[in-house]
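A quick write-up on the structure given underneath.
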Amino acid sequence: MTGSENFDSKVIAEKKSRDGRSKRLKKNESLENMTDSESFDSKVIAEKKLRHGRCKRLRLQKPLKKYSMESLNPREIGYRFEDCSHKRRMNGIAELTPCEVALTSSRDAKLNSDTSFSESSSSESSERSSDKTGRPIDILVSDGKEEDRRSSACVSHGFISVIGRRRAMEDAVAVAKLDPYNFFAVYDGHGGFEVANACRDRLHELLEKEVEEWRCGGGGGGGEIVDWEKVMTASFSKMDEEVDGGEVEPEIGESVSMNTIGSTATVVVVGKKEIVVANCGDSRAVLWRGSAAVPLSRDHKPDRPDELERVEAAGGRVINWNGCRVLGVLATSRSIGDHYLKPYVICEPEVTISKRTDSDAFIVIATDGLWDVVTNEFACEVVRRCLDGQIKRRFSEGLSANAATEAAALLAELALARGSKDNISVIVVRLNK
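Sequence positions in the sequence shown follow this note's numbering and run 1 to 433.
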């Protein structure tokens, strides 16, 4: 480096040094002249930057592993239900504890020891329990002698209806013997319980009459072969006509028109050679065949492509208002009742007929209080293990010895543990016994 170059480099270095000192002096002067409000604003900005940095670090961390009910082994679930003392807590299952399930809480031991679950559904008795938040949970069970007599010849089955976290019970269950068939049905009411209860009391009678008329040739048939699609459609239509019109006197307030009340209906008729399912709404029936869950019905949701097309063809609209709803009101596109939404909401059921096989084990029929939080496969796996004696509820001594009732109660417990906010009704029908 020559002398001139060395001199130039020294000059540049001195200029940079002076510029740096001047910047620091200006910054100090601005800090001294800063008002209290400006100082406060700078502190707020600094705190925001600090919080943003913390959030950024948290986002960069590895997310915690989440567990769902579907990822759990039903055997492990039964183990947890039987151990409410927390002495042998299982690792990795943090969000589900045994005492979160209202029916298995230790304070409900007396309730379970005093309650008997019946296979019929005529007159209902009510017991009250509480979940861990102190909110009451009603358990509706049947004790009617008339229905016991009528259903005594039915195939082995059990059911349970739980009010859950709702204020009113709008579900209904029906079990009847229609020689030579066995009748099972769940009804999920909305807007009130009147239509669901009317279906519970009358639909099986209307169906029995239609079958008799068909066999006698009055319905255009005759003989032993029944056109189940026509018979079911006629029965549902007559049931819909019976609940049309009239008024209901509520406990408090003015009377409510029956036109604004409705109910879903999932009917299962079990014969010696076939299983007939008629569905109207979003309740569901699932068959366990071999080692697979086979859905016997399809939910009637307004956003289902064919249902959406039908509603719009009738002049209606499906509006996404807290979920897809017909005219922004009803979350199902088919039901019995709801005459104020006709012709967009219809009562015509979808009918499926399945031939029985030796590998058919059981059928699970339930309202959406179960299916909204539990998959078909998981529900059937829990029932299978319960029927095989691999899992059981903690306080099961007070229940009947019927394993199907135990399985139905266990499914209701699981739905409550998963946070179901609806009424829960479950029927388990055993086909191999």
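Even for Gly, the Cβ is constructed at its ideal location relative to N, Cα and C.
- Put simply, of E406, N320, R166, I336 the residue whose alpha carbon is nearest the alpha carbon of A196 is I336.
- The residues G271, K272, in chain order, have a CB closer than 7 Å to that of P180 in the same chain once the five nearest residues on each side in sequence are set aside.
- Around the CB of G315, fewer than 16 other CB atoms lie within 10 Å, so the residue is classed as exposed.
- For R317, the CB contacts under 7 Å within the same chain, skipping 5 residues up- and downstream, are L327 in chain order.
- Apart from sequence neighbours up to five positions away, no residue of its chain approaches I12 with a beta-carbon distance below 8 Å.
- Shown here, I336 sits in a strand according to DSSP, grouped into three states.
- With fewer than three CB-CB distances shorter than 8 Å, the stretch 282-290 does not count as touching the stretch 201-216.
- Per DSSP, reduced to three states, the secondary structure at H204 is helical.
- When rounded, the separation of the alpha-carbon atoms in F193 and H300 is 20 Å.
- Within 10 angstroms of the beta-carbon of N423 lie 16 or more other beta-carbons, which makes it buried.
- Inter-residue distance for G323 and R166 is about 19 Å (C-alpha atoms, whole angstroms).
- One alpha carbon belongs to C347, the other to L416, and they sit about 30 Å apart.
- A distance below 6 Å between beta-carbons, with the five flanking residues on each side excluded, links G290 to the following residues of its chain, in chain order: S359.
- Rounded to the nearest whole angstrom, the C-alpha separation of I261 and K177 is 28 Å.
- Around the CB of G217, fewer than 16 other CB atoms lie within 10 Å, so the residue is classed as exposed.
- P295: member of the beta strand (DSSP E) spanning 292-295, first to last residue.
- Cβ neighbours of F236 within its own chain (closer than 8 Å, five residues either side excluded): L203, A265, A278, C280, I336, C347, E348, P349.
- Residue range 228-242 is occupied by the alpha helix (DSSP H) that includes K230.
- Annotation: L327 is outside any beta strand (DSSP E) and is labelled neither H nor E by DSSP.
- For T260, the three-state secondary structure derived from DSSP is helix.
- For V211, the closest of A198, G189, M232 by C-alpha to C-alpha distance is M232.
- For L410 and R325, the gap between their C-alpha atoms comes out near 31 Å.
- Proximity to I319 across E241, G191, P302, E224 peaks at P302, based on C-alpha coordinates.
- By the Cβ neighbour-count rule, G419 is exposed, with fewer than 16 other Cβ atoms within 10 Å of its own.
- Taking a 10 Å sphere around the C-beta of S257, we find fewer than 16 other C-beta atoms and assign the residue as exposed.
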